[in-house]
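A.B. asks:
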Amino acid sequence: MRCRILDNAHSVGRGFPGFSRVRLETGVLGGNRSASPRRHTNIRNHDPEDLAMPPTKSDLIRPPAVAGRFYPAHAKRLRESITDLLDAVPVGDEPLAAAYIVPHAGYRYSGPVAAQVYARLAAHRDRIRRVVLVGPSHSHPLRGHAAAPYTAWQTPLGDVHAAETGVVGSSRLPHESEHSLEVQLPFLQVALGDDIEVVPVACGMSQSPDTARVVAALLAEGGEGTVLLCSTDLSHYNDQETARRIDAKTAEAIKGLRPREISTSHACGVFALRGTVAWADATGRRPRQLALATSADTGGDPERVVGYPAFAIELPASVPAQPTRAAD
1 MRCRILDNAH
11 SVGRGFPGFS
21 RVRLETGVLG
31 GNRSASPRRH
41 TNIRNHDPED
51 LAMPPTKSDL
61 IRPPAVAGRF
71 YPAHAKRLRE
81 SITDLLDAVP
91 VGDEPLAAAY
101 IVPHAGYRYS
111 GPVAAQVYAR
121 LAAHRDRIRR
131 VVLVGPSHSH
141 PLRGHAAAPY
151 TAWQTPLGDV
161 HAAETGVVGS
171 SRLPHESEHS
181 LEVQLPFLQV
191 ALGDDIEVVP
201 VACGMSQSPD
211 TARVVAALLA
221 EGGEGTVLLC
231 STDLSHYNDQ
241 ETARRIDAKT
251 AEAIKGLRPR
261 EISTSHACGV
271 FALRGTVAWA
281 DATGRRPRQL
291 ALATSADTGG
301 DPERVVGYPA
311 FAIELPASVP
321 AQPTRAAD
């Protein structure tokens, strides 16, 4: 067993009360093998108001794991902060993309970049019924893909309905403390309303063509009105100049549809990201960069930054859609 220390530069905004450090103990999770001992999280000095959440109703409802740390746990404060972020994004008359790439840090840091995606979704809220969420499993090593075995995910704004999927199996462990998909939910609730349904899928170690096929199948399963969100941050803990150089290279690999050039050390959601890019290539779509920033751009330490991407994955205007199942 090995121990890692994650500080708040990765994803937890220092603007939210009480976050100090999180100690993660990780083992191996793969196939039908049992998981390692559960991780132990030590969080001190929370603001009681920020942590005021109603109790979870049942084991089928996934409670919030990072409310009060990555985003406000107070409903009014949370809705207002997201509304302010969305209102700051000018959105023109552009078509709804089939998929987007979005970061997953604390809202203080990556919120403005994430808002570039969610403001565009909000402009098409009447057309979107289901959102497929793919992202990493930070605290439980995972091989392949795992859906979440919940009927709903709880946030300070209410419950988000989770649709069942027959594309991949489900496992609780990759999802029970994972933040990369959870932090997307309040944005979805504000941008798209309370009737939205989600299909959260954790992407562990996998080959890009395999993940591309999973992405294609999840979109096909949802049918019309389904959008994919791929959750990832980019480089971690470099100085600002180095991070900009590394992230620019990763952005070029994304735009150039070259998933093999996306390094495992330059994107924490690398397997979901590679698979999404491979799916885009197989279906004739192109990633368009909406934003690329770092935590230093919103007040973080410029000597220790995390990169944040926002992309729309869309068809060129003159190219007809290809079948989403053709992701070989």
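All residue numbers for the sequence shown refer to full-length UniProt numbering, where the first residue is 1 and numbers rise by one. Using N, Cα and C, we set each Cβ at its ideal position, and we do this for glycine too.
I think residue 131 touches residue 165, with their Cβ atoms under 8 Å apart; what is that distance to the nearest whole Å?
C.D. replies: 13 Å between Cβ atoms; not a contact.
A.B. asks: Within 7 Å: the Cβ of residue 231 and any heavy atom of the ligand GDP?
C.D. replies: With respect to the ligand GDP, the structure offers nothing, as it holds no ligand at all.
A.B. asks: Report yes or no: do the stretch 271-289 and the stretch 134-142 share at least 3 C-beta pairs separated by less than 8 Å?
C.D. replies: At 8 Å Cβ cutoff, the stretches touch.
A.B. asks: Mapping DSSP to helix, strand and coil, what is residue 186?
C.D. replies: Three-state DSSP puts residue 186 in a helix.
A.B. asks: Give me the Cα-Cα distance between residue 143 and residue 172, rounded to the nearest whole angstrom.
C.D. replies: Answer to the nearest angstrom: the Cα atoms are 14 Å apart.
A.B. asks: For the beta strand (DSSP E) that contains residue 159, what are its first and last residues?
C.D. replies: Here the beta strand (DSSP E) through residue 159 covers 158-162.
A.B. asks: In chain order, which continuous runs of the alpha helix (DSSP H) of length 4 or greater are located wholly inside the stretch 251-314?
C.D. replies: Whole alpha helix (DSSP H) segments, 4+ residues: 270-282.
A.B. asks: Is the beta carbon of residue 231 sitting closer than 8 Å to the one on residue 181?
C.D. replies: Yes, these two residues count as a Cβ contact at 8 Å.
A.B. asks: Count the other C-beta atoms from every protein chain shown that fall within 10 angstroms of the C-beta of residue 91, then say buried if there are 16 or more, exposed otherwise.
C.D. replies: So residue 91 counts as exposed.
A.B. asks: Assuming contact is defined by CB atoms lying nearer than 8 Å, are residue 170 and residue 141 in contact in what I supplied?
C.D. replies: Going by C-beta atoms, residue 170 is not nearer than 8 Å to residue 141.
A.B. asks: One question on the structure: do residue 190 and residue 236 come within less than 8 Å of each other, judged by their Cβ atoms?
C.D. replies: No; because the gap between Cβ atoms is not below 8 Å, this pair is not in contact.
A.B. asks: Could you check how far apart the C-beta atoms of residue 109 and residue 187 are, in whole angstroms? I think they sit under 8 Å.
C.D. replies: Residue 109 to residue 187, Cβ: 14 Å. No contact.
A.B. asks: Any idea what DSSP makes of residue 154, helix, strand or coil?
C.D. replies: DSSP places residue 154 in strand when its eight states are reduced to three.
A.B. asks: State the Cα-Cα distance for the pair residue 124 and residue 58, rounded to the nearest angstrom.
C.D. replies: One C-alpha to the other measures close to 33 Å.
A.B. asks: Around the C-beta of residue 330, are 16 or more other C-beta atoms found within 10 angstroms, so that it is buried, or is it exposed?
C.D. replies: Since the first residue shown for the chain is 1 and the last is 328, residue 330 is missing from the structure and cannot be characterised.
A.B. asks: Check residue 226 in the structure and name its three-state DSSP category.
C.D. replies: Here residue 226 sits in strand by DSSP.
A.B. asks: Measuring only the C-alpha atoms, how far is residue 27 from residue 105?
C.D. replies: Note on residue 27: pLDDT 24, under 50, position unreliable in the model; the coordinate value appears next. In a straight line, the C-alpha of residue 27 is about 24 Å away from that of residue 105.
A.B. asks: Given a threshold of 16 other Cβ atoms within 10 Å of its Cβ, counted over all protein chains shown, does residue 316 qualify as buried or as exposed?
C.D. replies: Its Cβ having fewer than 16 others within 10 Å, residue 316 is exposed.
A.B. asks: What residues match up with residue 372 in a beta bridge as DSSP calls it?
C.D. replies: This structure leaves residue 372 out entirely; the chain is present only between 1 and 328.
A.B. asks: Would you please state the rounded distance, in angstroms, between the beta carbons of residue 329 and residue 98? I believe it to be under 8 Å.
C.D. replies: No statement about residue 329 is possible, as the shown extent of the chain runs from 1 to 328 and does not include it.
A.B. asks: Just to confirm the assignment: which complete alpha helix (DSSP H) runs, minimum length 4, are found wholly within the stretch 88-138?
C.D. replies: Segments of the alpha helix (DSSP H) lying fully in the stretch 88-138: 107-122.
A.B. asks: Would you mind sorting residue 226 into buried or exposed? The rule is 16 or more other CB atoms within 10 Å of its CB.
C.D. replies: Result: buried.
A.B. asks: For residue 143, write down the residues that DSSP places opposite it in a beta bridge.
C.D. replies: Paired residue(s): 205.
A.B. asks: Can you have a look at residue 311 and say buried or exposed, based on whether 16 or more other CB atoms are within 10 angstroms of its CB?
C.D. replies: It is buried - the Cβ of residue 311 has at least 16 other Cβ atoms within 10 Å.
A.B. asks: To the nearest angstrom, report how far apart residue 161 and residue 239 are at their CA atoms.
C.D. replies: Cα to Cα, the separation comes out at about 40 Å.
A.B. asks: From the DSSP secondary-structure annotation, give me the bridge partner or partners of residue 236.
C.D. replies: DSSP output for residue 236 lists 306 as bridge partner(s).
A.B. asks: Count the other CB atoms within 10 Å of the CB of residue 62; is the residue buried (16 or more) or exposed (fewer)?
C.D. replies: Flag for residue 62 reads buried.
A.B. asks: In the DSSP assignment, what are the bridge partners of residue 67?
C.D. replies: According to DSSP, residue 67 bridges with 71.
A.B. asks: When DSSP builds the beta bridges, which residues end up paired with residue 231?
C.D. replies: For residue 231, which the question treats as bridged, DSSP gives the partners 102.
A.B. asks: Pick helix, strand or coil for residue 170, following the three-state DSSP scheme.
C.D. replies: Of the three classes helix, strand and coil, the one that applies to residue 170 here is strand, per DSSP.
A.B. asks: Within its chain, find whatever has a CB closer than 7 Å to the CB of residue 83; leave out the 5 residues flanking it on each side and keep chain order.
C.D. replies: Contacts found: 190.
A.B. asks: On a Cα-Cα basis, can you pick out the residue from 201, 260 and 218 that is closest to residue 176?
C.D. replies: It is 201.
A.B. asks: Buried or exposed: which applies to residue 195, given that a residue is buried once 16 or more other Cβ atoms fall within 10 Å of its Cβ?
C.D. replies: Result: exposed.
A.B. asks: Should residue 241 be labelled buried (16 or more other beta-carbon atoms within 10 Å of its own) or exposed?
C.D. replies: Exposed, since its Cβ has fewer than 16 Cβ neighbours within 10 Å.
A.B. asks: In chain order, what residues of the same chain lie with their CB nearer than 7 Å to the CB of residue 154, ignoring the 5 residues before and after it?
C.D. replies: So the list reads 56, 61, 62, 63 and 64, once near-sequence residues are dropped.
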